[in-house]
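Written below as structure tokens is the structure these notes are about.
As structure tokens, then:
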């Protein structure tokens, strides 16, 4: 892979203060940064979608 294929993409994400606080607390429990937690959660959702599983609500 080339450098441009492996370089992470950036995006601006606006979150409510309540959601930010929930993610910050969850990230701290998992010893991750908030950015790392969001990336982890998105990756998990994509994996579940690819496997055809519905989210557990």
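Residue numbers (our numbering): 4 to 60.
Note that beta-carbon positions come from the ideal geometry of N, C-alpha and C, so glycine has one too.
Helix, strand or coil: how does DSSP classify residue i here?
i: residue 40; result: helix
i: residue 51; result: helix
i: residue 46; result: helix
i: residue 26; result: helix
Pull up the distance between the alpha-carbon of residue i and that of residue j, whole angstroms please.
i: residue 25; j: residue 5; result: 36 Å
i: residue 11; j: residue 55; result: 26 Å
i: residue 20; j: residue 49; result: 25 Å
i: residue 52; j: residue 8; result: 23 Å
Here's a check: name, in chain order, each residue in its chain whose Cβ is nearer than 7 Å to the Cβ of residue i, leaving out the five neighbours to either side.
i: residue 40; result: 26, 29, 30 and 33
Less than 8 Å between C-beta atoms, sequence neighbours within five positions excluded: which residues of the same chain meet that for residue i?
i: residue 43; result: 33 and 35
Using CA coordinates, which residue listed in the options is at the minimum distance from residue i?
i: residue 14; options: 7, 46, 22 and 38; result: 38
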